[in-house]
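Novice: Got a structure for you, questions after.
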Amino acid sequence: MSSIKTECVLRENCWCGESPVWEKASNSLLFVDIPAKKVCRWDSLSKRVQQVTVDAPVSSVALCQGGGYVATIGTKFCALNWEDQSAVALATVDKDKKNNRFNDGKVDPAGSYFAGTMAEETAPAVLERHQGSLYSLFPDHHVEKYFDQVDISTGLHWSLDHKIFYYIDSLS
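Using full-length UniProt numbering, read the sequence shown as starting at 1 and increasing by one per residue.
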């Protein structure tokens with residue numbers, strides 16, 4: 001068995017760093033800081049971090065198949081533009097649940113962005129149960145809701161053959 005070398009390459013002080021995504025084309029690591037409302041991109045060549053600050057908690061970031069970026073910000077799927085530091089809403093979910101936000105998201109092998117919502121905590125580790133849902137944003141920007149009554153959407157992943165979708169609802 002070969003050994004894997006691990007090292008800390010970035011000492012970014014995040015309140016809650018999540019959603020690491022490697023962008024091979026730019027040799028960059030994307031990640032978010034949920035409560036700080038920041039999407040970050042660390043360039044492995046220059047060792048610099050670029051940030052886009054948004055107007056709501058940002059829980060995930062992903063690469064678009066044709067280039068560009070998408071992020072889950074508050075209850076919106078947004079296109080992210082690094083050049084002008086902007087986020088443009090593509091779709092909004094959970095419009096009837098003002099205390100909700102996205103918690104986790106990831107692009108599936110076919111290019112759809114799956115993401116789940118949850119109620120915002122009212123105190124540390126305290127939230128209203130069964131308020132979240134699982135959604136996907138398709139490449140044509142339409143949104144599909146798969147199910148609701150979710151506590152905390154997290155842990156989205158697919159099997160190697162792409163036939164099984166793994167999903168975790170943390171409190172259920």
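All residues carry an ideal CB built from backbone N, CA and C; glycine is no exception.
With a cut-off of 8 Å on the beta carbons, I'd call S136 and V150 a contact; round off their distance for me.
Specialist: In the sequence shown, residue 136 corresponds to position 136, counting from 1. In the sequence shown, residue 150 corresponds to position 150, counting from 1. Contact flag wrong, Cβ pair sits at about 14 Å.
Novice: For E121, which of A79, P35 and N13 has the nearest alpha-carbon?
Specialist: The count along the sequence shown starts at 1 and reaches residue 121 at position 121. For E121, the nearest C-alpha among the options comes from P35.
Novice: Contact between the stretch 81-97 and the stretch 52-72 is defined here as three or more beta-carbon pairs at a separation below 8 Å; is this criterion met?
Specialist: yes
Novice: Could you pull the start and end residues of the beta strand (DSSP E) that K5 belongs to?
Specialist: Residue 5 sits at position 5 when you count from the first residue of the sequence shown. It is not in any beta strand (DSSP E) - K5 carries neither H nor E in the DSSP assignment.
Novice: Alpha carbon to alpha carbon, how far is C40 from V70?
Specialist: For this step, residue 40 is matched to residue 40 along the sequence shown. For this step, residue 70 is matched to residue 70 along the sequence shown. Rounded to the nearest angstrom, the two C-alpha atoms are 13 Å apart.
Novice: At a cut of 8 Å, does the stretch 40-51 reach the stretch 115-129 through at least three beta carbon pairs?
Specialist: no
Novice: What are the start and end residues of the beta strand (DSSP E) that includes S112?
Specialist: As a position in the sequence shown, residue 112 is number 112, starting the count at 1. Where S112 is concerned, there is no enclosing beta strand (DSSP E), given that its DSSP letter is neither H nor E.
Novice: Closest by CA to A25, which one among G67, T154 and I152?
Specialist: Here residue 25 is taken as the residue at index 25 of the sequence shown, counted from 1. The residue with the shortest Cα to Cα distance from A25 is G67.
Novice: Taking Cβ positions, are K97 and T72 nearer each other than 9 Å?
Specialist: To locate residue 97, count along the sequence shown from 1; it is residue 97. To locate residue 72, count along the sequence shown from 1; it is residue 72. No, they are not a contact pair.
Novice: Can you check whether the CB of N103 is closer than 9 Å to the CB of S46?
Specialist: Within the sequence shown, residue 46 is the residue found at index 46, counting from 1. Within the sequence shown, residue 103 is the residue found at index 103, counting from 1. Cβ distance not < 9 Å, so S46 and N103 don't count as in contact.
Novice: Return the residue from the list F31, D108 and E12 that minimises the CA-CA distance to P20.
Specialist: To locate residue 20, count along the sequence shown from 1; it is residue 20. Of the listed residues, the one whose Cα sits closest to P20 is F31.
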